[in-house]
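Reading through the structure tokens given below for one structure.
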Amino acid sequence: MLLQVGEVAAAGSGILVPGGSLLTKTPEEGRALALTLARHTIHNIQPDLDVLKGGRPNYSTTPDSLTAAAHVVAIEFQTIAAANNYWRS
Numbered sequence: 512m513l514l515q516v517g518e519v520a521a522a523g524s525g526i527l528v529p530g531g532s533l534l535t536k537t538p539e540e541g542r543a544l545a546l547t548l549a550r551h552t553i554h555n556i557q558p559d560l561d562v563l564k565g566g567r568p569n570y571s572t573t574p575d576s577l578t579a580a581a582h583v584v585a586i587e588f589q590t591i592a593a594a595n596n597y598w599r600s
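Per this note's numbering, the sequence shown runs over residues 512 to 600.
In structure tokens form, the structure reads like this:
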């Protein structure tokens, strides 16, 4: 079952920003948050774990899919870095 945008938060865990903030102390924490946000996004879009895991053999070995996943994390990290003023001095 693929969800529409308005249904995403209601169907998944509802947690889209863990802790309710994008602020982190370090770039390393920001990167970890980016990975977490990407995972939460996927789980909220596709809340059926069996379906999600069923597709893993396909996308986990496809370079284009792996590149797309890395791109999602990079965009999340870019957003977090900007929210942190590219790490406050």
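Glycine included, every Cβ here is placed at the ideal spot set by N, Cα and C. Nothing here was measured: the structure is a model prediction, and the numbers come from that model.
{"Item": "Residue range of the unbroken alpha helix (DSSP H) whose run includes Y570", "Value": "560–570"}
{"Item": "Contacting residues, own chain, Cβ-Cβ under 7 Å from A545 (five flanking each side not counted)", "Value": "V584, E587, F588, I591"}
{"Item": "Simplified DSSP assignment, three categories, for N595", "Value": "coil"}
{"Item": "Given A594 as reference, the closest of I526, L577, S532 once Cα atoms are compared", "Value": "S532"}
{"Item": "Coarse secondary structure for T578, derived from DSSP in three states", "Value": "helix"}
{"Item": "Same chain only: Cβ atoms within 7 Å of S576, ignoring 5 sequence neighbours per side", "Value": "Y570"}
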